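Heads up, the final residue of the sequence shown is numbered 1507 in our numbering, and it's a clean run with no missing numbers.
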Amino acid sequence: MSRNVIISCPVTGSGDSTGINPAVPVTPADIARECLEAASAGAAIVHIHVRNPETGRPSMDYELYAEVVDRIRQSGSDVIINLTTGPGARLTLGVDDPMDFGEGTTLTKPANRVAHVEKLKPEVCSLDIGSFNFGANVFLNTPDNVTAMAQMIRAAGVKPELEVFDLGGLRQAKALVEAGHVEKPYLFQICLGIPWAAEATPQTMITMRDHLPEGAIWASFGVSRHQFPMAALAVILGGHVRVGLEDNLYLSRGVLAPGNAALVERAGALIENLGERVATPDDAREILGIRKQ
């Protein structure tokens, strides 16, 4: 029998991508519009970062999150909102003195990273697990900080999407689950191809899938040119998929994606060509064990 496959769409991210592809949304109005267009194209979940409307740089401004969420909710769309808690973990070491943290460092306490989640109460939020070299920076998620964030997310009644970037992070996530900080069914996102975390290969995805806790629901994605090969592999291996402009700016080699909806449509066609069905938001809620807000 065919199964329902969830498409999650990360519409903007926080990377320095707005100068490469003008379709990457920056303002709250544009981000909300991209979320709604992705939902119309088949995304059951939209994953949301916000940016400074004037500079395009990543932001943690609560008012920006609130405007995006309000616009989506007021539209009447039933798409599942997934707010990021990733910002606030970036560490850039100083050139002359490593302790003189460089430009781009965003380290902040766990409460600041989940404040918007506690106030806006989306159905889902991301929770990044593990520390690793992220490009030229360090992405820092210590066990104590992640545990504190998980406890606050659970108290807010929000389902965490446990984002794991390598086997060490997956091991840390399993310890979080075993300690009772995450409720069943557990939702994992296997993130592949990010420099310098796990590579986007079939062997890596299979290995990480096989190390998940029993009964876990999982999705996976690959960045850049790996987006659709990893999406296809995730479907074949029994997972769900994530496609969007946060992870990949191109529709095909040398062709910029005109928006998130085009990427979602391609993922939907891929799912159907593999004999499965594209999950609706309500299908996704049933799979994830969440109630509509």
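Just so it is clear, CB atoms sit at the ideal spot from N, CA and C, and this is done for glycine as well. Bear in mind the structure is a predicted one, so any value in this text is a computation, not a measurement.
*How about the segment 1372-1383 and the segment 1334-1341: do they share at least three Cβ pairs that are nearer than 8 Å?*
yes
_For Ser-1289, the three-state DSSP class (helix, strand or coil)_ = helix
_Please give me, in chain order, every unbroken run of the beta strand (DSSP E) with length at least 3 that falls completely inside the segment 1216-1286._
1221-1224, 1259-1262
*From what residue to what residue does the alpha helix (DSSP H) around His-1454 run?*
Careful: His-1454 lies outside any alpha helix (DSSP H), inside the beta strand (DSSP E) at 1454-1456.
*What does a CB cutoff of less than 8 Å around Thr-1415 pick up in its chain, not counting 5 residues either side in sequence?*
Leu-1406
*asked:* Looking at Asn-1296: is its Cβ nearer than 8 Å to the Cβ of Ala-1493?
replied: no
*Ordered along the chain, which non-local residues of its own chain (more than five positions away) have a Cβ less than 7 Å from that of Gly-1302?*
Met-1274, Thr-1320, Leu-1321, Thr-1322, Asn-1326, Arg-1327
_Residues near Ile-1234 in its chain [Cβ-Cβ closer than 7 Å; skip 5 each side]_ = Leu-1463
*Thinking C-alpha only, which one of Arg-1247, Thr-1298, Pro-1236, His-1440 is nearest Pro-1409?*
His-1440
_Alpha-carbon to alpha-carbon, Phe-1348 and Pro-1357_ = 18 Å
_Supposed close pair Asn-1474, Glu-1248 - CB separation, criterion 8 Å_ = 5 Å
*With a cut-off of 8 Å on the beta carbons, I'd call Ala-1255 and Val-1282 a contact; round off their distance for me.*
The pair is not a contact, with the Cβ atoms about 18 Å apart (cut-off 8 Å).
*asked:* Helix, strand or coil for Asn-1462? Go by DSSP, reduced to three states.
replied: coil
_Sub-8 Å separation of Glu-1377 and Asp-1342 beta-carbons_ = yes
*Look at Ile-1259 and Ile-1220 and say whether their C-beta atoms are less than 8 Å apart.*
yes
*If we call anything under 8 Å between Cβ atoms a contact, is Val-1455 one with Ala-1448?*
yes
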